[in-house]
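Numbering (the working numbering), first residue to last: 500 to 804.
Quick notes on the structure that follows.
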């Protein structure tokens, strides 16, 4: 969804506040997820997350009148989208087993570049020059953080296995982005999200059945359940609501821009949770991602609604 028409400055400000909250909540999933990645199988965690999130969203979809018979048409769409989303989350937690949350978040900022490529292939959308430059700066900033400013490591492509695993997940997420408007047939955001979560739960549940059964759920530490609750309530349901809220008040380019704020939020989360101060060599990379954010926000202001 995109902004439906001219909105007041007050409503636009609300949209920006919503996206700042969105980026902070999504960033929290990297920091919290990194603390339980080695305590539960990623497939088991993702399957339960999807099931619980689907239960919460189903209540919202019914309450808002979005859950209708029409929303069930062409259910294969939800399996495709849920499969891509499930792959993203599973590989995110696989990557977090060895990768630092900041590096993982930096990998995620490569998603807009890949999404722009998939949007061109799937929907024929062409990225203008100014936005392309902003995406380039964001990508350079992400690579700087991933390789910690080590040009020799970049030339040798000396990247950690965790980052490489999560990159594959980000490719799936990037493909998911243009497929949402391509496959949406007028369903409300919560009905569509519910279908996606159910589709993801089915596929992850089928492929990860043995791991789910093998998990000793009663022996899991409290921290795992606490993080799972965060992922369901804040990183899933709340983030979907904030995206819907902001998309009705901001142009699409502005909404997408906040992806580049996530590494900065992860650094703050790590500082609060563990007193982990990132090496100074990573600062220029984070700075470039923030520059990409500013450029995309200005780009959004220059485009018609």
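Even glycine gets a Cβ: it sits at the ideal position worked out from N, Cα and C.
Query raised in the report: Terminal residues of the continuous alpha helix (DSSP H) containing residue 514?
Result: 508 to 533
Requested in this report: Consult DSSP for residue 664 and reduce its assignment to one of helix, strand or coil.
Outcome: helix
Query raised in the report: How many Å lie between residue 655 and residue 639 at the Cα?
Result: 16 angstroms
Query raised in the report: What number of angstroms, rounded off, separates the C-alpha of residue 662 from the C-alpha of residue 732?
Result: 26 angstroms
Report task. Could you tell me if residue 793 is buried or exposed, where buried requires 16 or more neighbouring beta carbons within 10 angstroms of its beta carbon? Result -> exposed
Query - Any 3 or more C-beta pairs closer than 8 angstroms across the region 532 to 545 and the region 707 to 726 - result: yes
Query - Helix, strand or coil at residue 595 according to DSSP, with G and I counted as helix - result: coil
Requested in this report: With DSSP as the reference, label residue 750 as helix, strand or coil.
Outcome: coil
Report task. Check each candidate in 660, 588, 767 and name the one with the smallest Cα separation from residue 675. Result -> 588
Query - Straight-line Cα distance separating residue 522 from residue 804 - result: With a pLDDT of 42 at residue 804, under the threshold of 50, the predicted position of this residue should be treated as unreliable, though the coordinate-derived value follows. Using only the alpha carbons, I get a separation of about 22 angstroms.
Query raised in the report: Which residues in the same chain have their Cβ closer than 7 angstroms to the Cβ of residue 604, if we skip the five residues on either side of it in sequence?
Result: 526, 529, 761, 762, 765
Query raised in the report: Which stretch, first to last residue, makes up the alpha helix (DSSP H) that contains residue 689?
Result: 688 to 706
Report task. Go through its chain and collect everything with a Cβ distance to residue 776's Cβ below 8 angstroms, but skip five positions before and after it. Result -> 770
Query raised in the report: Cβ of residue 667 within 8 angstroms of Cβ of residue 613?
Result: no
Query raised in the report: Are at least three pairs of beta-carbons, each pair with one atom in the region 548 to 557 and one in the region 696 to 703, less than 8 angstroms apart?
Result: yes
Report task. Could you have a look at residue 539 and say whether DSSP puts it in helix, strand or coil? Result -> coil
Query raised in the report: Under a three-way DSSP split, which group does residue 602 fall into?
Result: helix
Query raised in the report: Hey, out of 649, 709, 598, 626, whose CA is closest to residue 611's CA?
Result: 626
Query raised in the report: Where do the ends of the alpha helix (DSSP H) carrying residue 610 lie?
Result: 610 to 622
Report task. With a threshold of 16 other CB atoms inside 10 Å of the CB of residue 503, please say whether the residue is buried or exposed. Result -> The predicted model places residue 503 with a pLDDT of 43, which falls under 50 and marks its position as unreliable; any figure quoted below should be read in that light. Under this definition residue 503 is an exposed residue.
Requested in this report: Give me the Cα-Cα distance between residue 512 and residue 757, rounded to the nearest whole angstrom.
Outcome: 14 angstroms
Report task. Go through its chain and collect everything with a Cβ distance to residue 578's Cβ below 6 angstroms, but skip five positions before and after it. Result -> 698
Query raised in the report: Would the beta-carbon of residue 535 fall within 8 angstroms of that of residue 594?
Result: no
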